[in-house]
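Read through the structure below, which is laid out as structure tokens, and then see the notes.
So, in structure tokens, the structure goes:
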């Protein structure tokens, strides 16, 4: 049954008020290092005695949105897809404009489908991609909408208080010059799981804060435990290698290209090769990695946030009551390192009503109530401060998630170059060569120079 215009207007006013009401802005707590949201705001305007009536900068009305149907392509499956579909159904049922979203799972083919669809403009209304993918789509054709058009609108956008509620660590990942080509949808991180109980038995009272301290601890279990136990159960992906590069003060990107043959890159690879060659680190079967950590086959485990639930379950199944915590990667200057990455919402060009409707869905998904549902399913990082007020019970059940969230002050994003979505595999392959049976430390400088040349070639082909 269709809703009459009077009811629509009442619902519309209610949605705009509740959707744009300023959320509580978390106050910086310098004593605890609590992550502080806060986008830099403009100067506070001088109060006026004349009431100001907000006027939209968009040439579109609420009535224009009626019955707008949208397609949303996404890569998620299993529990994440179920949560997304539930949220989408809720939006479809509750939004006062009768906007209808159809969420279509595209799995690992998502980026390829987008790239193929750009020339002919066979695209969804909105999708998600990581920062490098989005830049690759942008360079292939002018199909992506500048979200600033909607974000800054006085009627349809975020209020200044809402903008200040988002963490700066993630807010600027999707800026291409002044154009905002995406808005955070999902942020994860590469972290270290640390068996604090076992560490204390080995004589360590606190987690390592430098690579030297890390080496001391990861080599300690050798000869103490049975089987093939070592200090670090290592994942050999590009994000782990990147985390160590950041920990040694390096940067994979320089002057718009790649630069790994710098001293920091060499120090990173020498350090990692030493850990593996001396048996202080090993690569377990990826299918058993959480069970291995719960069985004390490693003092540390590198994992993404997505592994938190599986790790907690592995400890429970093993009957292991050890206290394990989340820690950042230790760095040469003692400052924690957290490498973050993830997906952002993208709006493709369509009719004015389709573009605005896409934005309204994104805005709704980023409200604390919906974000809290998403976080509890995905174990991803909150992108805004006020959502944390809804996460207390989740933190009680999974305290390691709260520990990870507290680290976002120290986040380093993955490269946002359009070539990174290809270059990362070359970087990962070089990292894995450190484990070769015939590899020696003397080969590292040549390996890094060859890697730089390969990355530069990849970058040149993806400009």
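In the working numbering, the protein residues as written are 4 to 466. Quick reminder that beta carbons are idealized off the backbone N, C-alpha and C, glycines included.
Self-check item: Straight-line gap, residue 236 to residue 149 (C-alpha atoms, nearest Å)
Solution: 42 Å
Note to self: Do residue 411 and residue 404 have their beta-carbon atoms positioned less than 9 Å apart in this structure?
What the structure shows: no
Once you ignore the five residues that flank residue 312 on each side, which residues in its own chain have a CB closer than 8 Å to its CB?
382, 401
If residue 159 and residue 127 are in contact, beta carbons under 8 Å, what's the gap, nearest whole angstrom? Not really, about 21 Å apart at Cβ, beyond 8 Å.
I'd like to check one pair, residue 57 with residue 102: are the Cβ atoms closer than 9 Å?
no
### Message
Strictly by DSSP, which residues pair up with residue 448?
### Response
Paired residues: none, contrary to the question.
Helix, strand or coil for residue 205, going by three-state DSSP, please let me know.
coil
Practice task
Please check the pair residue 141 and residue 179, which I expect to be a contact at CB under 8 Å, by giving their CB distance rounded to whole angstroms.
Solution key: 6 Å
* Selected residue, minimal CA-CA separation from residue 136, among 156, 115, 154 -> 115
Kindly indicate which residue of 440, 249, 67, 91 has the alpha-carbon position closest to the one of residue 376. 91
- Helix, strand or coil for residue 59, going by three-state DSSP, please let me know. coil
Item to complete: Select from 118, 60, 70 the residue whose C-alpha is nearest the C-alpha of residue 421.
Response: 118
Inset, instruction - Measuring alpha carbon to alpha carbon, tell me which of 304, 217, 233 ends up nearest residue 327. - result: 304
Entirely enclosed alpha helix (DSSP H) segments - the region 402-436, minimum 4 residues
402-408, 423-436
ask   = Count the other CB atoms within 10 Å of the CB of residue 130; is the residue buried (16 or more) or exposed (fewer)?
value = buried
In this structure, does DSSP put residue 47 in helix, strand or coil?
Confidence at residue 47 is low in this model, with a pLDDT of 43, below 50, so the placement of that residue should be treated as unreliable; the coordinate-derived value is given next. Three-state result, residue 47: coil.
When you compare the CB of residue 157 with every CB in chain D, is at least one pair closer than 9 Å? In the displayed structure, chain D is absent; only one protein chain is listed.
With distances taken Cα to Cα, identify the nearest neighbour of residue 298 among 265, 254, 234. 234
> Residue range of the alpha helix (DSSP H) that residue 235 falls in?
Replying inline: Unbroken run through residue 235 is the beta strand (DSSP E), 233-236; no alpha helix (DSSP H).
### Query
Should residue 60 be labelled buried (16 or more other beta-carbon atoms within 10 Å of its own) or exposed?
exposed
Quiz item: Between the Cα of residue 352 and the Cα atoms of 107, 121, 106, 329, which residue gives the shortest distance?
Solution: 121
**Prompt:** Exposed or buried, residue 463, counting other C-beta atoms within 10 Å across all chains shown (16 or more means buried)?
**Reply:** exposed
### Query
If you drop the 5 nearest sequence neighbours on each side, which residues of the same chain put their C-beta closer than 6 Å to that of residue 133?
346
*Best match in 113, 283, 225, 342 for proximity to residue 408 [C-alpha to C-alpha]*: 342
query: Per DSSP, residue 74 is paired with what?
result: 105
Q. What does a CB cutoff of less than 7 Å around residue 461 pick up in its chain, not counting 5 residues either side in sequence?
A. 422, 425, 426, 429
- Query: If you drop the 5 nearest sequence neighbours on each side, which residues of the same chain put their C-beta closer than 6 Å to that of residue 359?
  - Reply: 63
**Asked** Going by DSSP, what residues sit across from residue 305 in a beta bridge?
**Response** 195
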